[in-house]
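Participant: I have a structure here, written as structure tokens, and I will follow up with some questions on it.
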Amino acid sequence: MDAEQVGRMESSGGEPVARGMAFLLLSQAVFLVCGYFIHVYLARSLGPRDYGIFGFIIALLTWMEIPVYGSSNLAVKYIQAWPDRFPTWSSLFFRAQCLITVAFFFPLAVFSVVIGLKSEKYGFLFLLAFLDLLFVGFYQLYLGCLNGFRLYARQATASIAYSLSKAGGISVLVYLGWRIRGALLGNVFSSIVGLLMGYLLFKTRCGSQCGSSLPGYGEGQERVSLTRLIRESLLFALVPLMVNFVLNLDLWIINFLRGGSEVGYYVSAGTLARTVFFLFSATFMATFPAIVSSFRLGVASERTRRLFSLSGDFFLAVTLPCALAVSVNGRQLVALFFGKDYLQAGPITSILGMAMAFLTVYVFLVYVLYAAGRYSKAVRMLVCTACLDMVSVPLLVLAWGLQGAALATTTVTFAGSLLAYLAIKRNLALSWGWRRIGMMFMLCCLCFLPLLFIPREGVLFAPLSLIAFLVYGLSLVKTGIIRKVDLRMAMRSIIPEWQNKSSN
Numbered sequence: 022m023d024a025e026q027v028g029r030m031e032s033s034g035g036e037p038v039a040r041g042m043a044f045l046l047l048s049q050a051v052f053l054v055c056g057y058f059i060h061v062y063l064a065r066s067l068g069p070r071d072y073g074i075f076g077f078i079i080a081l082l083t084w085m086e087i088p089v090y091g092s093s094n095l096a097v098k099y100i101q102a103w104p105d106r107f108p109t110w111s112s113l114f115f116r117a118q119c120l121i122t123v124a125f126f127f128p129l130a131v132f133s134v135v136i137g138l139k140s141e142k143y144g145f146l147f148l149l150a151f152l153d154l155l156f157v158g159f160y161q162l163y164l165g166c167l168n169g170f171r172l173y174a175r176q177a178t179a180s181i182a183y184s185l186s187k188a189g190g191i192s193v194l195v196y197l198g199w200r201i202r203g204a205l206l207g208n209v210f211s212s213i214v215g216l217l218m219g220y221l222l223f224k225t226r227c228g229s230q231c232g233s234s235l236p237g238y239g240e241g242q243e244r245v246s247l248t249r250l251i252r253e254s255l256l257f258a259l260v261p262l263m264v265n266f267v268l269n270l271d272l273w274i275i276n277f278l279r280g281g282s283e284v285g286y287y288v289s290a291g292t293l294a295r296t297v298f299f300l301f302s303a304t305f306m307a308t309f310p311a312i313v314s315s316f317r318l319g320v321a322s323e324r325t326r327r328l329f330s331l332s333g334d335f336f337l338a339v340t341l342p343c344a345l346a347v348s349v350n351g352r353q354l355v356a357l358f359f360g361k362d363y364l365q366a367g368p369i370t371s372i373l374g375m376a377m378a379f380l381t382v383y384v385f386l387v388y389v390l391y392a393a394g395r396y397s398k399a400v401r402m403l404v405c406t407a408c409l410d411m412v413s414v415p416l417l418v419l420a421w422g423l424q425g426a427a428l429a430t431t432t433v434t435f436a437g438s439l440l441a442y443l444a445i446k447r448n449l450a451l452s453w454g455w456r457r458i459g460m461m462f463m464l465c466c467l468c469f470l471p472l473l474f475i476p477r478e479g480v481l482f483a484p485l486s487l488i489a490f491l492v493y494g495l496s497l498v499k500t501g502i503i504r505k506v507d508l509r510m511a512m513r514s515i516i517p518e519w520q521n522k523s524s525n
């Protein structure tokens with residue numbers, strides 16, 4: 022992996038992409054730690070049945086919220102394309118966000134009241150959950166603005182504030198005896214905190230100063246209307262909407278076909294497996310602005326190939342071993358975090374670990390199509406993947422239960438990744454080095470699969486997995502896939518002072 026090129030993957034303003042990845046990985050790590058704390062605490066406090074109800078409501082809420090924050094990635098695109106004009110367009114973005122929020126909140130609020138009047142199981146829990154719609158879209162829009170200007174440190178700060186407030190708010194309210202209601206209100210509280218932090222961080226740094234820090238590729242000739250922003254915001258929301266549909270369809274089907282404690286088992290397995298997806302989504306959050314700007318520039322084809330190639334190397338060098346570590350230690354992770362009452366979730370966690378690795382790659386590839394302006398191809402890809410998921414998940418659930426649902430998700434995400442890669446190769450002439458990918462995959466399997474045959478009771482799996490990671494990293498260096506000079510250049514690109522230390 023050419024880390025010197027990674028250090029140069031930066032725009033004409035903001036922070037380098039490599040350093041941005043470090044900030045965003047930190048924020049994602051905090052998000053994951055807080056998420057683990059929340060889910061473990063709730064699973065042990067509520068029990069499998071109530072924890073399953075909470076997980077089902079949050080999964081549905083997350084999917085319903087996605088159209089509300091589609092303007093976040095749209096802001097990244099507009100800032101990268103016409104940064105000098107964005108200060109004059111910012112009010113249009115927030116007006117569009119207000120209209121989208123109102124249009125989605127009130128119908129869902131009415132739906133929640135109807136459910137509350139007719140369902141003893143859910144009551145008015147959906148109404149409490151949907152209050153989050155009023156705030157989360159604006160929070161995501163501020164994150165998108167900070168990401169577009171490559172203010173990764175401020176974006177990470179707002180995200181960390183959101184994660185910490187969610188963990189604190191939910192744990193306090195549940196401890197006070199509010200149970201599921203407290204958990205849902207704590208989720209709303211975190212969105213309010215994230216919105217306030219995003220507003221303060223964006224207001225104190227952005228505006229005309231940000232607009233002058235990046236070149237105006239559009240030269241002020243682009244016209245933007247409120248209708249266009251709403252239409253494009255909903256278009257950009259299709260990616261997370263369909264991805265989240267694939268993420269949660271298995272859970273929804275299990276809730277309707279199986280129900281009871283099995284929903285809690287599947288939620289716990291999904292929580293552990295999604296570590297891979299949430300942690301390494303920082304990669305495409307950091308590289309998406311750079312890829313957008315490379316497509317906007319007329320002479321960016323070589324730079325785009327370099328970005329695409331390096332991103333592929335990162336995915337395979339880091340994401341794959343993490344996914345395998347989750348897969349081979351599924352039972353041990355469930356016992357450690359959720360307790361022996363959830364041991365049935367062990368095999369499901371092992372299968373979903375690989376599904377999340379494929380999903381990470383799939384999302385990145387779809388965003389590349391969006392960055393290139395190939396919206397129709399990306400939408401067709403998303404719709405085909407969702408349709409395949411709708412067919413395979415119910416069939417495999419009926420055949421093999423919970424493990425069938427996990428297997429269906431893994432198959433669909435792998436097929437989606439393969440189809441998206443072929444579309445990019447055919448239409449954009451971008452490709453990964455399959456010889457390097459094959460070597461990484463072989464080394465990864467040789468380092469992690471032997472753990473399946475070693476007794477790993479208790480926390481013994483942790484040091485053994487760490488040894489596997491170390492052996493894998495040394496193997497990449499010894500085989501020349503990653504060179505020592507590349508590692509030094511990567512440290513220089515992330516920490517500027519490293520260059521001065523290494524030269525002394």
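Be aware that the sequence shown starts at 22, since it is given in our numbering, and climbs by one per residue. Here a beta-carbon is modelled for each residue, glycine too, at the ideal position from N, C-alpha and C. Predicted, not measured: the structure shown is a model, and the values here were computed from it.
From leucine 451 to proline 88, what does the alpha carbon distance come to, in whole angstroms?
Facilitator: Your numbering for residue 451 matches position 430 in the sequence shown. Your numbering for residue 88 matches position 67 in the sequence shown. If I take the Cα positions, the gap works out to 30 Å.
Participant: For the region 152 to 164 and the region 206 to 215, state whether three or more C-beta atom pairs, one from each stretch, are separated by less than 8 Å.
Facilitator: Output reads yes: the region 206 to 215 touches the region 152 to 164.
Participant: Pick helix, strand or coil for glutamate 323, following the three-state DSSP scheme.
Facilitator: Walking along the sequence shown from the start, residue 323 turns up at place 302. Looking at glutamate 323 - three-state DSSP - the assignment turns out to be helix.
Participant: Contact check, alanine 426 vs valine 433 under 8 Å by CB: the rounded distance?
Facilitator: Indexing the sequence shown from 1 puts residue 426 at position 405. Indexing the sequence shown from 1 puts residue 433 at position 412. Not quite, the Cβ-Cβ distance comes to about 11 Å (not below 8 Å), so this is no contact.
Participant: Taking the straight line between their C-alpha atoms, what separation do you get for leucine 197 and asparagine 208?
Facilitator: Counting from one through the sequence shown, the residue named residue 197 turns up at place 176. Counting from one through the sequence shown, the residue named residue 208 turns up at place 187. So the alpha carbons of these two residues sit roughly 15 Å apart.
Participant: Which of the three DSSP states, helix, strand or coil, is assigned to glycine 501?
Facilitator: Translated into positions along the sequence shown, residue 501 becomes position 480. DSSP places glycine 501 in coil when its eight states are reduced to three.
Participant: Going by the CB atoms, is the gap between isoleucine 372 and valine 431 shorter than 8 Å?
Facilitator: Mapped onto the sequence shown, residue 431 falls at position 410. Mapped onto the sequence shown, residue 372 falls at position 351. Correcting the residue type first, residue 431 is threonine in the shown sequence and not valine. Yes.
Participant: Along the chain, which unbroken stretches of the alpha helix (DSSP H) at least 4 residues long are found entirely within the region 150 to 233?
Facilitator: The region 150 to 233 contains these whole alpha helix (DSSP H) runs: 154 to 169, 173 to 194, 200 to 226 and 229 to 232.
Participant: What would DSSP say about valine 347, mapped onto helix, strand or coil?
Facilitator: Against the sequence shown, residue 347 aligns to sequence position 326. In this structure, valine 347 counts as helix in the three-state DSSP scheme.
Participant: Scan the region 365 to 398 and note each continuous alpha helix (DSSP H) run of 4 residues or more that stays entirely inside, going in chain order.
Facilitator: Within the region 365 to 398, the complete alpha helix (DSSP H) runs of at least 4 residues are 367 to 392.
Participant: Going by CA-CA distance only, name the one from Pro128, Phe132, Leu278 and Thr296 that's closest to leucine 268.
Facilitator: By 1-based counting over the sequence shown, the position of residue 268 is 247. Cα-wise, what sits closest to leucine 268 is Thr296.
Participant: Does DSSP classify leucine 278 as helix, strand or coil?
Facilitator: Mapped onto the sequence shown, residue 278 falls at position 257. Helix.
Participant: Here's the rule I'm using: 16 or more other beta-carbon atoms within 10 Å means buried, otherwise exposed. How should serine 289 be labelled?
Facilitator: Numbered from its first residue, the sequence shown carries residue 289 at position 268. The residue in question, serine 289, is buried, as its Cβ has 16 or more Cβ neighbours within 10 Å.
Participant: Keeping to the same chain, check which residues put their C-beta closer than 6 Å to that of asparagine 525; ignore five residues upstream and five downstream.
Facilitator: On the sequence shown, position 504 is the one that residue 525 refers to. Low confidence applies here, because asparagine 525 scores a pLDDT of 42, under 50, leaving its location unreliable and the question unanswered by this model.
Participant: Taking the alpha-carbon positions, what's the phenylalanine 127 to tryptophan 455 distance?
Facilitator: What you label residue 127 is simply residue 106 of the sequence shown in a count that begins at 1. What you label residue 455 is simply residue 434 of the sequence shown in a count that begins at 1. Each residue's Cα considered, the two are about 49 Å apart.
Participant: What does the Cβ neighbour count give for valine 506, buried or exposed, with the cut at 16 atoms within 10 Å?
Facilitator: As a position in the sequence shown, residue 506 is number 485, starting the count at 1. Bear in mind that the predicted position of valine 506 carries a pLDDT of just 44, short of 50, making it too unreliable to give a figure here.
Participant: Quick check: what's the CA-CA separation for methionine 461 versus leucine 221?
Facilitator: As a working note, residue 461 is residue 440 in the sequence shown. As a working note, residue 221 is residue 200 in the sequence shown. Whole-angstrom Cα-Cα distance: 43 Å.
Participant: Could you tell me whether the Cβ atoms of glycine 165 and alanine 258 are closer together than 8 Å?
Facilitator: If you number the sequence shown from 1, residue 165 lands on position 144. If you number the sequence shown from 1, residue 258 lands on position 237. Contact flag unset, no.
Participant: Tell me the rounded alpha-carbon separation between leucine 185 and valine 347.
Facilitator: Taking the first residue of the sequence shown as 1, we reach residue 185 at position 164. Taking the first residue of the sequence shown as 1, we reach residue 347 at position 326. Computed Cα separation, rounded: 24 Å.
Participant: Within a Cβ cutoff of 6 Å, which residues of the same chain sit near valine 349, ignoring the five residues on either side of it in sequence?
Facilitator: Here residue 349 refers to the residue found at position 328 when the sequence shown is read from its first residue. Cβ neighbours of valine 349 beyond the five flanking positions: Phe469, Leu472 and Leu473.
Participant: Applying the criterion that 16 or more other CB atoms from any shown protein chain within 10 Å of the CB defines a buried residue, is valine 414 buried or exposed?
Facilitator: As a position in the sequence shown, residue 414 is number 393, starting the count at 1. Under this definition valine 414 is a buried residue.
Participant: Would you mind working out which of Thr500, Leu390 and Gly285 sits nearest valine 61, comparing C-alpha positions?
Facilitator: Here residue 61 corresponds to residue number 40 of the sequence shown, with the count starting at 1. Among Thr500, Leu390 and Gly285, the Cα nearest to that of valine 61 belongs to Gly285.
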